[in-house]
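Going by our numbering, the first residue of the sequence shown is number 100, and it counts up by one from there.
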Amino acid sequence: MTFRAARPGLARPPGVSRVTGASLAAGLAALAGLLLGGAGCAPARDGAERPNVLFLIVDDLRPELGCYGRPAATPRIDALAAEGVRFDRAYCQVALCQPSRASVLLGRRPATTGVWGFGQGLRDRVGDAPTLPQLFREAGYATAAVGKVEHEPPFDAASWSVPPWTPEGGQHFWALPASRAVAAAERARIEASGRAVRGTQALGPPTEAADLPDDAYPDGQVAGRALELLRELRDEPFFLAVGFYKPHLPFVAPRRYWDLHDPAAVEVEYAPPRAPVPAVATRTAGEVGAYAGVTVRRGERLPPDLERHLAHGYRACASFVDAQVGRVLDELERLGLAERTVVVLWGDHGYHLGEHGLWTKFTNFEVAARAPLVVRAPGGARGATSDALVELVDLFPTLADLAGLDASADLEGASFAPLLAEPGRPWKRAAFTEFRRGDGTLGRSVRTARHRLTTWTTPDGTEVGLELYDHATDPAELENLATDPAHATTVTDLRATLAAGWRGAVPPVR
Numbered sequence: 100m101t102f103r104a105a106r107p108g109l110a111r112p113p114g115v116s117r118v119t120g121a122s123l124a125a126g127l128a129a130l131a132g133l134l135l136g137g138a139g140c141a142p143a144r145d146g147a148e149r150p151n152v153l154f155l156i157v158d159d160l161r162p163e164l165g166c167y168g169r170p171a172a173t174p175r176i177d178a179l180a181a182e183g184v185r186f187d188r189a190y191c192q193v194a195l196c197q198p199s200r201a202s203v204l205l206g207r208r209p210a211t212t213g214v215w216g217f218g219q220g221l222r223d224r225v226g227d228a229p230t231l232p233q234l235f236r237e238a239g240y241a242t243a244a245v246g247k248v249e250h251e252p253p254f255d256a257a258s259w260s261v262p263p264w265t266p267e268g269g270q271h272f273w274a275l276p277a278s279r280a281v282a283a284a285e286r287a288r289i290e291a292s293g294r295a296v297r298g299t300q301a302l303g304p305p306t307e308a309a310d311l312p313d314d315a316y317p318d319g320q321v322a323g324r325a326l327e328l329l330r331e332l333r334d335e336p337f338f339l340a341v342g343f344y345k346p347h348l349p350f351v352a353p354r355r356y357w358d359l360h361d362p363a364a365v366e367v368e369y370a371p372p373r374a375p376v377p378a379v380a381t382r383t384a385g386e387v388g389a390y391a392g393v394t395v396r397r398g399e400r401l402p403p404d405l406e407r408h409l410a411h412g413y414r415a416c417a418s419f420v421d422a423q424v425g426r427v428l429d430e431l432e433r434l435g436l437a438e439r440t441v442v443v444l445w446g447d448h449g450y451h452l453g454e455h456g457l458w459t460k461f462t463n464f465e466v467a468a469r470a471p472l473v474v475r476a477p478g479g480a481r482g483a484t485s486d487a488l489v490e491l492v493d494l495f496p497t498l499a500d501l502a503g504l505d506a507s508a509d510l511e512g513a514s515f516a517p518l519l520a521e522p523g524r525p526w527k528r529a530a531f532t533e534f535r536r537g538d539g540t541l542g543r544s545v546r547t548a549r550h551r552l553t554t555w556t557t558p559d560g561t562e563v564g565l566e567l568y569d570h571a572t573d574p575a576e577l578e579n580l581a582t583d584p585a586h587a588t589t590v591t592d593l594r595a596t597l598a599a600g601w602r603g604a605v606p607p608v609r
């Protein structure tokens, strides 16, 4: 299969004769050499020397990875981190799949994209602004998507050289007939009552551990298709996005991945708050309660055995996805493409596993806002860790920078390419996460090196909640200091940072 750019006249991207972002540190000299074709040399003909991009997206993955000091068995992602830069403080813009992905693909924040939840189109507010893969496509790259990249169809035709591929049946998660029967029975019960079946209903068991091969589940099929595309694209520059569905609920994976984790060792890290938290901050959708056998009551925890079982299932799914990531990386290496491919692995947001008594996402707490991010770039640092505050919206300008592409000045993130050479350099003052409730109440959160401040306001601007957490003393965000007079100055300063927004927190130039 041969892919063709949407605009053949852009066989070489504007600015390919230089690396955009003159601040790239000397440690990326090798990468610059790759992009420039070597000092004193012209770029390779037809863009053959341009770096490929392998864009690995994992749905609902918090930093529950061995390389982040967590108990999940994830040796392949850990190995990737040992070959690149692991970002310890990367934050999503919205702790929800569709708006987070829209922000990344458009390089713009939710107030600009207008995507706050489900059912909104990617281009409803941005018109013909290029997406991240579209920028690469129009520069002569073959662009392809496998699995869950955009949230759901219809997919953006301008972004991809060929229509995105998803497993047959889409996100039909359960492999066992008994599990599917549970979902079918629930659907029939709802339909018999004369009600419409909503997307959060008619769901089967929350977990499944089957003695089946990886390809019995969608993510095994996603990895298999990604291998085929790597072989097809090996002779031309490519941007390949691979989106894995797990560890999103239901927590279903082959039994051998469950067996990697001792159920007796699984702990749920719940602790009661030490100071009042606004009710609006903990109001969360009942996603987990839509599954058979799970009942969620506001203000109550799930039964302890069920909590541990769900946490066990989440880690099993993280290990399952880790193995699929390993399959893709192995093929990249086997084809001789690893040395000229930028690999980015990221989760679209964080995830509650019982912390604050909550499950899944839908909040502005640290555990929902913080996401894993690992980048391996040719010529970049290896085995490095960065504590710099970065945001997922920064991925668009960063990848454009690394590929020598001129991205739009309207992007609302900052390229962190300099951190790939110098992970410890001074960086952003703050990162920003937002969440809009169904009634329009908006939570706006700012994370600095030490603190998180969140304000909650109704559509008419009335403030109905305020939170302040000191991560130096309270990393679990259990003690809300917002009304403590001793922290009044901190609240004032952080309100000003929040009001100034992302433009007021851009990295220093040097």
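Built from N, CA and C at the ideal position, the CB exists for glycine as well.
In this structure, L472 sits near A189, with a CB-CB distance shorter than 7 Å.
Its chain contains W273 as the residues whose beta carbon lies nearer than 6 Å to that of R279, once the 5 sequence neighbours on both sides are disregarded; these appear in chain order. When rounded, the separation of the alpha-carbon atoms in D313 and L359 is 15 Å. With a contact defined as Cβ atoms closer than 8 Å, L488 and R546 qualify at about 7 Å. Residue range A378 to T381 is occupied by the alpha helix (DSSP H) that includes V379. By alpha-carbon distance to Q192, the top candidate from L541, E307 and Y413 is L541. In the DSSP annotation of this structure, the continuous segment of the alpha helix (DSSP H) that includes S199 starts and ends at C196 to L205. Uninterrupted alpha helix (DSSP H) stretches at least 4 residues long and entirely within the stretch 362 to 404 occur at 378 to 381, given in chain order. If one requires a minimum length of 4 residues, the alpha helix (DSSP H) runs lying completely within the stretch 462 to 538 are 465 to 468, 494 to 502 and 516 to 520, in chain order. Secondary structure at S260: coil, using DSSP grouped into helix, strand and coil.
Look at H455 here: in three-state DSSP terms it is helix. Excluding five sequence positions before and after C416, the CB atoms of its chain that fall closer than 7 Å to its own CB belong to K345, P346, F350 and A352, given in chain order. Residue pairing by DSSP places N579 in no beta bridge whatsoever.
Counting along the chain, W357 sits inside the alpha helix (DSSP H) bounded by residues R354 to W357. The stretch 249 to 263 and the stretch 225 to 240 touch, with three or more beta-carbon pairs separated by less than 8 Å. Comparing C-alpha distances from F217 to each of L405, G226, G246 and L195 shows the shortest one belongs to L195. Straight-line measurement puts the Cα of T173 at about 25 Å from the Cα of P403. Just measuring C-alpha positions, the residue of E432, A437, G482 and E406 sitting nearest H451 is E406. By a beta-carbon distance limit of 8 Å, L501 does not contact A483. Their separation comes to about 16 Å. Here H411 is buried, its C-beta having at least 16 other C-beta atoms within 10 Å. In this structure A378 does not touch L302 by the C-beta definition: roughly 27 Å separates them, more than the 8 Å allowed. Residue environment for V341: buried (at least 16 other C-beta atoms within 10 angstroms of its C-beta). Ranked by Cα distance from D361, the first of L164, A171 and D592 is A171. Taking a cut-off of 8 Å on C-beta distances, the stretch 318 to 337 touches the stretch 423 to 442, as three or more cross pairs fall below it.
G446 is bridged by DSSP to V157. For Y344, the three-state secondary structure derived from DSSP is coil. For T306, the enclosing beta strand (DSSP E) starts and ends at T306 to A309. Taken through DSSP and simplified to helix, strand or coil, H586 comes out as helix.
For L302, DSSP assigns no beta-bridge partner whatsoever. Nearest to A476 by C-alpha distance, out of P263, E182, G385 and P209, is E182. For A243, no alpha helix (DSSP H) segment is defined; the enclosing uninterrupted segment is the beta strand (DSSP E) at A241 to G246.
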